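Residue numbers (our numbering): 214 to 550.
Where is the CB? At the ideal position from N, CA and C, for every residue including glycine.
Values in this document were obtained by computation on a predicted structure and should not be read as measured data.
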């Protein structure tokens, strides 16, 4: 069982990676009203700051994936998390638009490593019939990060100011790097893994493969319909996810006229719901599909259902009741997860 095996600790480390990653992303969202007031920036300038994160993120995704295949996920994660943690701390000392833009570009570029490396680690460490759950566990970090940190950041911001909140959240990543470099190895090289579990993993995965990808891999991948299907799905899901992540706290404060603390809780609850339902749906995906169905790509049927259900987000501007709004956002985020 994944839950009782030692490989669960690898899933937990991936969860924490994405947790800290998205804690950094929600930090600016929660602090946005205070930062905009201090620097007298309008929504256009704040929009540029939010978007700039994605510029380097998109640019470096392929680079980090390529690096993971060549030098391994252990060193790529250690390097990328160190860079993004430093960028997070430096956001707290930014003195103007230019310096804050630079920290956002560095943050986005470094945090682009998390999803490619996590996907590769799941394939190395978890058999095919566990990958839905393993993926759901690390993906839960993308929702648990905002869920837990949104109210904490709001509290920090009110007590100590937005600069201190960036410095504290930025420093957490260094602890993760220490844990990762201490405990993570490939299954065949991992000394703390029991022999029986190591043999089970090696027999069920391709983690022993040492062959480098052949030349032209990128172009072969881009020629596959499946790759374009994944590209479209991830693009749509990421857009919806980032819409909530970057703008939900500001929307609740400015358009729904909530206090910062109340808005942080209204941001937190949908993410908590998404964590729970996301893991359960991942387990469901593994349970209802046979090994042959997984190999044939039948996960897409569940994917279609949940993406269609996430469309309830379109109803948010049609409701006045804030608790109905909370329900709609919770459903949309859970389905995206």
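- Counting only runs of 4 or more residues that sit fully inside the stretch 253 to 304, the alpha helix (DSSP H) segments are 256 to 284, 286 to 304, in chain order.
- Spatial neighbours of residue 317 in its own chain (CB-CB distance under 7 Å, excluding positions within 5 residues in sequence) are listed in chain order as 262, 265, 266.
- A residue is called buried once 16 or more other Cβ atoms fall within 10 Å of its Cβ, and residue 306, having fewer, is exposed.
- Here the alpha carbons of residue 298 and residue 240 stand approximately 13 Å from one another.
- When the Cα atoms are used, residue 475 and residue 486 turn out to be separated by approximately 17 Å.
- Residue 517 holds the alpha-carbon nearest to the alpha-carbon of residue 446 among 254, 517, 260.
- Shown here for residue 322: same chain residues with a beta carbon closer than 6 Å to its own, the five before and five after excluded, namely 269, 273 in chain order.
- Between residue 296 and residue 380 a beta carbon distance of about 16 Å is seen, past the 8 Å cut, so the two are scored as non-contacting.
- Of the residues 376, 399, 537, 227, the one whose Cα lies closest to the Cα of residue 479 is 537.
- No residue range can be given for residue 339, since it is assigned to no alpha helix (DSSP H) and is classified by DSSP as neither H nor E.
- Residue state for residue 348 is assigned as helix, using DSSP reduced to three classes.
- Here the alpha carbon of residue 495 sits roughly 9 Å from the alpha carbon of residue 550.
- Annotation for residue 431: 275 place their beta carbon closer than 8 Å to its own, counting only its chain and skipping 5 residues before and after.
- Residue state for residue 307 is assigned as coil, using DSSP reduced to three classes.
- Each residue's CA atom was taken as its position, placing residue 278 and residue 329 some 5 Å apart.
- The beta carbon of residue 465 sits closer than 6 Å to those of 471, 476, 479, all from its chain and outside the five residues before and after it, given in chain order.
- In the structure shown, residue 532 falls within a coil segment according to DSSP collapsed to helix, strand and coil.
- Straight through space, the alpha carbons of residue 427 and residue 441 are spaced by roughly 21 Å.
- When C-alpha distances from residue 366 are compared across 469, 400, 245, 503, the shortest belongs to 245.
- Note on residue 506: under 16 other CB atoms within 10 angstroms of its CB, so exposed under the neighbour-count rule.
- For the pair residue 284 and residue 410, the Cα-to-Cα distance works out to about 25 Å.
- Under the three-state reduction of DSSP, residue 401 is assigned to helix.
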